[in-house]
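Numbering (our numbering), first residue to last: 1387 to 1561. All residues carry an ideal CB built from backbone N, CA and C; glycine is no exception. Notes to accompany the following structure.
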Amino acid sequence: MSDQSNEKALLERAEQERLAVWKAHEGAMLGREALIAIDHAHLDVHERLVLGQAIARIDTLESSLQTRLRQLQQVAPVDAAQIEFDRLASAWRADTRAVSSLTQMVNHPAYQQIIAMGPRAVAPILREMSREPGHWGPALHAITGAKPVPPEHEGQLKLVAAAWLKWAREQGHRW
1387 MSDQSNEKAL LERAEQERLA VWKAHEGAML GREALIAIDH AHLDVHERLV LGQAIARIDT
1447 LESSLQTRLR QLQQVAPVDA AQIEFDRLAS AWRADTRAVS SLTQMVNHPA YQQIIAMGPR
1507 AVAPILREMS REPGHWGPAL HAITGAKPVP PEHEGQLKLV AAAWLKWARE QGHRW
């Protein structure tokens, strides 16, 4: 498995765990609120003690969950744009694999959603383009307004990618 695949898998696992921890955190807070809302006047001494212990346990759990969320953020910071781009690009590639018309490719809903991401999509597109040249020029043009590809290079994916990556470096983009 390549370093990029390992990094992507780590990011996905961290995001899955982060979502699970966040849901547990929300559940704990809802449970705590429900326990606090109980009318203490109708409880005997033992029930009040048990209720207080339950709230204390939830507070401890909540603290542990917050600590874990901070750890996950340090291990693999969420790059929501990359995750969204990967999901959309995967759908786009699957649906347009047998399509030869560039017009049909760029009019695909997933491709249009990538364009709709705006500037957040630029770094993920450049990453993708640097790994494997593809039909990302129209998306970059739609987002940035730039046209760095000389007319004689149009249609030649490697040359198109090289022109866009050169332009991106000159503009100070990092990916």
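(message) For Thr-1489, count the other beta carbons within 10 Å of its own beta carbon; 16 or more makes it buried, fewer makes it exposed. Which is it?
(response) The Cβ neighbour count for Thr-1489, taken over all protein chains shown within 10 Å, is under 16; the residue is labelled exposed.
(message) Less than 8 Å between the beta carbons of Asp-1481 and Leu-1397, yes or no?
(response) Not in contact: Asp-1481 and Leu-1397 (Cβ atoms no closer than 8 Å).
(request) Compare the Cα-Cα distances from Gly-1417 to each of Ala-1442, Ala-1467 and Arg-1479 and report the closest residue. (result) For Gly-1417, the closest alpha carbon among the candidates Ala-1442, Ala-1467 and Arg-1479 is that of Ala-1442.
(request) Take Glu-1403 as the anchor and find which of Ala-1420, Arg-1560, Arg-1454 and Asp-1430 has the nearest alpha-carbon. (result) Nearest to Glu-1403 by alpha-carbon distance, out of Ala-1420, Arg-1560, Arg-1454 and Asp-1430, is Arg-1454.
(request) Compare the C-alpha of Trp-1478 against each of Ala-1420, Asp-1430, Ala-1496 and Ser-1487 and name the closest. (result) Between Trp-1478 and the set Ala-1420, Asp-1430, Ala-1496 and Ser-1487, the nearest pair of CA atoms involves Ala-1496.
(request) Take Ala-1414 and list the residues in its own chain whose beta-carbon comes closer than 8 Å to its own, dropping the five residues that flank it on each side. (result) When the five nearest sequence neighbours on each side are left out, the beta carbons in the same chain lying within less than 8 Å of the beta carbon of Ala-1414 are those of Ile-1444, Leu-1447, Glu-1448 and Leu-1451, in order along the chain.
(request) In angstroms with no decimal places, state the Cα-to-Cα distance between Arg-1513 and Val-1485. (result) One Cα belongs to Arg-1513, the other to Val-1485, and the distance between them is close to 23 Å.
(request) Would you mind working out which of Leu-1526, Ala-1509 and Lys-1552 sits nearest Ala-1492, comparing C-alpha positions? (result) According to the sequence displayed, residue 1492 carries Val and not Ala. The option with the nearest alpha carbon to Val-1492 is Leu-1526.
(request) Provide the residue span of the alpha helix (DSSP H) that contains Met-1515, from first to last. (result) Start and end: 1508 to 1517.
(message) Below 8 Å, how does it come out for the region 1517 to 1525 and the region 1543 to 1552: are there three or more Cβ pairs, yes or no?
(response) Touching, per the Cβ criterion.
(request) Rank His-1494, Met-1515 and Gly-1531 by C-alpha distance to the C-alpha of Gly-1504 and give the top, closest one. (result) Considering only alpha carbons, the answer is Gly-1531.
(request) Work out the CA separation of Ala-1440 and His-1426 for me, nearest whole Å. (result) Computed Cα separation, rounded: 14 Å.
(message) Can you give me the C-alpha to C-alpha distance between Gln-1499 and Pro-1536, rounded to a whole angstrom?
(response) Here the alpha carbon of Gln-1499 sits roughly 27 Å from the alpha carbon of Pro-1536.
(message) Using only the alpha-carbon positions, how far apart do Glu-1412 and Ala-1467 sit?
(response) Each residue's Cα considered, the two are about 24 Å apart.
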